[in-house]
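Add 576 to the 1-based position in the sequence shown for our numbering, that's all there is to it. Each residue gets a CB set at the ideal place from its N, CA and C atoms; glycine is no exception. Below is one structure, written out as structure tokens; comments come after it.
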Amino acid sequence: MGKKKSDSASGGEIPEGDYEKGKKIFKQRCKQCHVVNSLQTKTGPTLNGVIGRQSGQVAGFDYSGANKNKGVVWDRQTLFEYLANPKK
């Protein structure tokens with residue numbers, strides 16, 4: 577998946593970012609349910625402030641069993657792992 581760098585907070589490997597590619601993927605896979613720069617929501621919660629939030633716990637949303645019971649707090653590493661394979 578391209579060059580990687582160590583994420584000093586978790587010791588894991590995070591790929592180098594590609595803003596334009598990420599923007600395109602967000603539009604294709606995420607934008608229909610999520611917003612980023614707003615407290616407004618769509619069918620999924622805003623991603624504003626997702627780092628530090630526990631998965632599947634924002635009130636008012638229906639979560640998959642996997643997300644609801646994942647039991648993780650989103651950080652760079654857990655978010656990257658999820659984005660690499662959201663159906664896992």
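Residue i classed as buried or exposed, judged by whether at least 16 other C-beta atoms fall within 10 angstroms
i: serine 582; result: With a pLDDT of 45 at serine 582, under the threshold of 50, the modelled position of this residue cannot be trusted, and the question is left open.
i: leucine 615; result: exposed
Opposing strand residues paired with residue i [DSSP bridges]
i: glutamine 630; result: Val649
Under 7 Å between C-beta atoms of residue i and residue j
i: lysine 618; j: cysteine 609; result: yes
i: asparagine 624; j: glycine 632; result: no
i: glutamine 630; j: valine 649; result: yes
i: proline 621; j: phenylalanine 637; result: yes
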